[in-house]
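K.L.:
This is the structure, below, for whatever I ask next.
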Amino acid sequence: MIEFIHVFKRYPGGFDALRDINLRIEAGEMAFITGHSGAGKSTLLRLITAIERPTRGEAAVNSKNLTKLPRRRIPWFRREIGVVFQDHKLLFDRTVYDNVALPLIVTGTDDKEIPKRVRAALEMVGLLDKERMLPVTLSGGEQQRVGIARAVVNKPPLLLADEPTGNLDSTLSDEILDLFLDFHHHGVTVLIATHDLHLIDRARRRVIELNHGELARDTGAKT
Ligand code: ADP
Ligand code: ADP
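Its first residue numbered 1, the sequence shown is counted upward by one per residue in our numbering.
Here it is in structure tokens:
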């Protein structure tokens, strides 16, 4: 599902954020990307979502070659990827329901389908009773659940998360982890960037560690 071969990412200015990354993540896997602040975790996610392009090497996601993907194909390419952010990136003047419905509206889902899909997503994250509320009235953990519902409402085969528990205490982090494990058990490929070692220990999944832009450890690498 994700394959990187000798991938480098150099930012304008000459800084190598990723160096010679070789990585293969199969459909249905769940893995963590870890490493110090500045190690290149977000850059790796930005390559996978085609926000940034590799400077060198070959990278493919969902069978699309990222170095050759035409700009106009990127919106279509992203429909296959759900993204969860540390700061949720919710629209605070819209209800929980409207926030979760947004990706469906953007992708032109049939109007009659939308309520069903939104409620199915809210049910998965345990927020069915909060659909009429505004995000500001929710706790941090609940806001993150709305972000997760929005990420999965289009049923993407690949779910990415960038520090999804960064602002949460350990009990809430565990609940969020359980949601990701649930999606994984339903066949979704899950990739979580985090420096939360407690989360990684508890999940007992593949760990991909970056150190100054290099792959320092990969417990799931097949050589
Ligand atoms: P992490 O997510 O592990 O904290 P990042 O991928 O955000 O690491 O950043 C890796 C390195 O690349 C850092 O040194 C950061 O300063 C640098 N970097 C990130 N984005 C840019 C950018 N747009 N331009 C230049 N340097 C960047
Ligand atoms: P950072 O954590 O370095 O500040 P952002 O918060 O902008 O970066 O984004 C975090 C991650 O979310 C990015 O690495 C990228 O993979 C993903 N992302 C950001 N914007 C989009 C978008 N419009 N579509 C898909 N994925 C996105």
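The beta carbon of each residue, even a glycine, is placed where N, CA and C say it ideally should be. Quantities reported herein were computed from a predicted structural model and do not represent experimental measurements.
DSSP on PHE92, reduced to helix/strand/coil?
P.N.:
In this structure, PHE92 counts as coil in the three-state DSSP scheme.
K.L.:
Does the beta-carbon of GLY38, which I'm using as the reference point, lie nearer than 6 Å to any heavy atom of ligand 1?
P.N.:
yes
K.L.:
Does the distance from the C-beta atom of LEU122 to that of ALA101 stay below 7 Å?
P.N.:
no
K.L.:
Can you find a CB in chain C that lies within less than 7 Å of the CB of ARG73?
P.N.:
You won't find chain C in this structure, because it holds only one protein chain.
K.L.:
Measure the C-alpha to C-alpha separation of ARG56 and MET30 and round it to an integer number of angstroms.
P.N.:
One C-alpha to the other measures close to 26 Å.
K.L.:
Nearest to PHE85 by alpha carbon, out of HIS6, THR219, ARG46?
P.N.:
ARG46
K.L.:
Indicate the three-state DSSP secondary structure (helix, strand or coil) for THR189 in the structure shown.
P.N.:
strand
K.L.:
Indicate whether the contact test is met: 3 or more Cβ pairs, each with one atom in the segment 92-109 and one in the segment 130-148, closer than 8 Å.
P.N.:
yes
K.L.:
Would THR43 pass as a contact of LEU18 if the rule is Cβ separation under 7 Å?
P.N.:
yes
K.L.:
Under 7 Å Cβ to Cβ from GLU80, same chain only, skipping five residues before and after it: list those, please.
P.N.:
ASN62, PRO156, PRO157, LEU158
K.L.:
Do GLY141 and LEU172 count as a contact pair if the criterion is CB distance below 7 Å?
P.N.:
yes
K.L.:
Between which two residues does the alpha helix (DSSP H) containing GLU142 stretch?
P.N.:
Looking at the DSSP string, the run of the alpha helix (DSSP H) that includes GLU142 is 140-152.
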